[in-house]
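Numbering (the working numbering), first residue to last: 6 to 172.
Structural data, given as structure tokens:
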């Protein structure tokens, strides 16, 4: 709503406009792909799905971290409101980084290291300026800024104590 009380409708910012209010979400979902925002189950030694595939302790800290961001509906409102996306077209964006954080905290996922590598580069979590506009505008009240901070913390601690430098 504008200062004069009028409602202004525009297509999502930071995305190509197809027509009228319709925006092309392909760049948005391409960033999810680059952040490895898809579940990759851990393999059992013989390559099969492990027996404990669905076992996740509901009260664990990692489960609480994953639950905080799992309700993302992929609407791209956070992406459209992100100032970093507006000037850095390579930046993965809040939704992709939120999804990466959710999967980093999923004990069943087998691609933690690769995912951290994907979000550690120049287009990853360290480019976030923490203005929190993504969090303020999320219709599901998800905190992508918090997820990005979690990725930054994890990468920091792993670089110090994990024996692996990502990026």
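Beta carbons: idealized from backbone N, C-alpha and C, even for Gly. All values reported here derive from a predicted model rather than from experimental measurement.
Closer than 6 Å: residue i CB and nearest the ligand ATP heavy atom
{"i": "residue 101", "result": "The ligand ATP is not among the ligands present in this structure, which contains no ligands whatsoever."}
Buried/exposed call for residue i, threshold 16 Cβ in 10 Å
{"i": "residue 121", "result": "buried"}
{"i": "residue 144", "result": "exposed"}
{"i": "residue 41", "result": "buried"}
{"i": "residue 13", "result": "exposed"}
For residue i, three-class secondary structure by DSSP
{"i": "residue 8", "result": "coil"}
Candidates the options, of which the one nearest residue i by Cα
{"i": "residue 131", "options": "18, 19 and 151", "result": "151"}
{"i": "residue 114", "options": "13, 35 and 46", "result": "46"}
{"i": "residue 140", "options": "102, 13 and 16", "result": "102"}
{"i": "residue 95", "options": "9, 20, 15 and 10", "result": "20"}
{"i": "residue 74", "options": "29, 110, 134 and 10", "result": "110"}
{"i": "residue 138", "options": "119, 86, 97 and 126", "result": "86"}
{"i": "residue 108", "options": "82, 159 and 17", "result": "159"}
Beta carbon of residue i nearer than 7 Å to that of residue j
{"i": "residue 30", "j": "residue 106", "result": "no"}
Practice item. Entirely within the region 85 to 148 and at least 4 residues each: give me those alpha helix (DSSP H) ranges in chain order. Key: Within the region 85 to 148, the complete alpha helix (DSSP H) runs of at least 4 residues are 88 to 92, 99 to 109, 117 to 125 and 138 to 142.
**Study point:** Every unbroken beta strand (DSSP E) inside the region 6 to 42 [3 residues or more]
**Key:** Counting whole runs of 3 or more residues, the region 6 to 42 contains the beta strand (DSSP E) stretches 22 to 24.
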